[in-house]
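One structure is given here, and the rest of the page talks about it.
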Amino acid sequence: MNVLRAILVASMAWSVAAQAAECPRKGSLGTSRILSVDAATTPRVGLMSFPQTLPLEDHEVVLTFDDGPWPPTTPRVLAALARECVRATFFLIGKPASEHPELVRRIAAEGHSIGHHTWLHRSLKQIPASETREEIDRGIAADEMALHGVATTTPSTPFFRFPGLETTPATLDLLQSRRIVVFGTDLWANDWIPMTPSQQLKLITDRLRIARKGIILFHDPQAQTAAMLPAFLRYLRDNHYRVVHVVPAAVATHVNGAP
């Protein structure tokens, strides 16, 4: 298992390095830098849930997408990101990941990080405590099976986001003990509420003008988000924002050339 994990990490490192270095389209937004995140030093991030977040500079953003993969819309999101050479993090639900493994592999092949978002998106605050571990582990195993063909509960990218950001002390302790980083968010687009793409664009850009940086949460199964995203990426480019790509510390170590 240690050999398999080393192969997976090396493969991910090559993908991240190659994708971050290549952007043939002049004038595109691009990905400005790679930020390694280590659960030992940064177990929880996102100011909407926790007192700390990622160490971002002014006008730096991290783009994240929840609840996929979803064939009608996730490819549109990927296409928008690819046009601007931008890397994001996708927090996948296990069941749709198991139903669309080719889309999971496409997300990874295009250089994005893949985190985890439970098996069925049930609130871990509302279900019996005896079921929370299974909901987490079944989701991770399904994502890993789709991605690497191995149904392991040890995630190759140890990033997790709670459905609805609804944490419990027990599950936070569980994830920290397993060295899995819990992502909240710093701002979001409220894209689960029906609105036009232009309304959603205004909402998120208004919030970003105030915050000036941060982790941003979208949902790639939302058609309005897929429609809005190209304009949002243009807004970032035109207003001199920089996109930061988050990866696990082990991957970043390999990217930087260490053994």
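Residue numbers for the sequence shown follow my numbering, beginning at 1 and rising by one. Glycine included, every Cβ here is placed at the ideal spot set by N, Cα and C. Since this is a predicted model, take the numbers as computed values, not measurements.
Taking its Cβ as the centre, do 16 or more other Cβ atoms sit within 10 Å of residue i, making it buried, or is it exposed?
| i | result |
| --- | --- |
| Asp-137 | buried |
| His-116 | buried |
| Glu-131 | exposed |
| Pro-72 | exposed |
| Ala-266 | The displayed coordinates of the chain run from 1 to 259. Any statement about residue 266 would go beyond what the structure contains. |
| Lys-213 | buried |
| Arg-87 | buried |
| Ser-98 | buried |
| Pro-51 | exposed |
State the beta-bridge partners of residue i as determined by DSSP.
| i | result |
| --- | --- |
| Ser-32 | None; Ser-32 has no bridge partner. |
| Arg-242 | Glu-60 |
| Pro-248 | Val-37 |
| Gly-214 | Val-61 |
Using DSSP with H/G/I as helix, E/B as strand and the rest coil, what is residue i?
| i | result |
| --- | --- |
| Ala-21 | Its pLDDT being 45, under 50, Ala-21 is placed unreliably by the model, and nothing is read from it. |
| Arg-44 | strand |
| Phe-232 | helix |
| Ile-208 | In the sequence as displayed, the identity of residue 208 is Leu instead of Ile. Note: Leu-208 maps to helix in three-state DSSP. |
What does a CB cutoff of less than 8 Å around residue i pick up in its chain, not counting 5 residues either side in sequence?
| i | result |
| --- | --- |
| Ala-126 | Correcting the residue type first, residue 126 is Gln in the shown sequence and not Ala. Once the five neighbours on either side are set aside, the close Cβ partners of Gln-126 are Glu-166. |
Below 7 Å CB to CB, which residues in the same chain sit around residue i once its five sequence neighbours on both sides are set aside?
| i | result |
| --- | --- |
| Ala-240 | One point to set straight first is that residue 240 is His, not Ala, in the sequence displayed. Excluding sequence neighbours, His-240 sits near His-59. |
| Ala-80 | Leu-229, Pro-230, Leu-233 |
| Leu-175 | Phe-160, Val-182 |
| Ala-223 | Thr-73 |
| Ala-249 | Ser-36, Val-37, Asp-38 |
| Arg-260 | Since the first and last residues shown for the chain are 1 and 259, residue 260 lies out of range. |
- Item | Segments assigned alpha helix (DSSP H), at least 4 residues, entirely inside the stretch 144-202 | Runs of the alpha helix (DSSP H) inside the stretch 144-202: 169-177.
- Whole alpha helix (DSSP H) elements within the stretch 58-141, 4-residue minimum: You should have 74-83, 94-99, 101-109.
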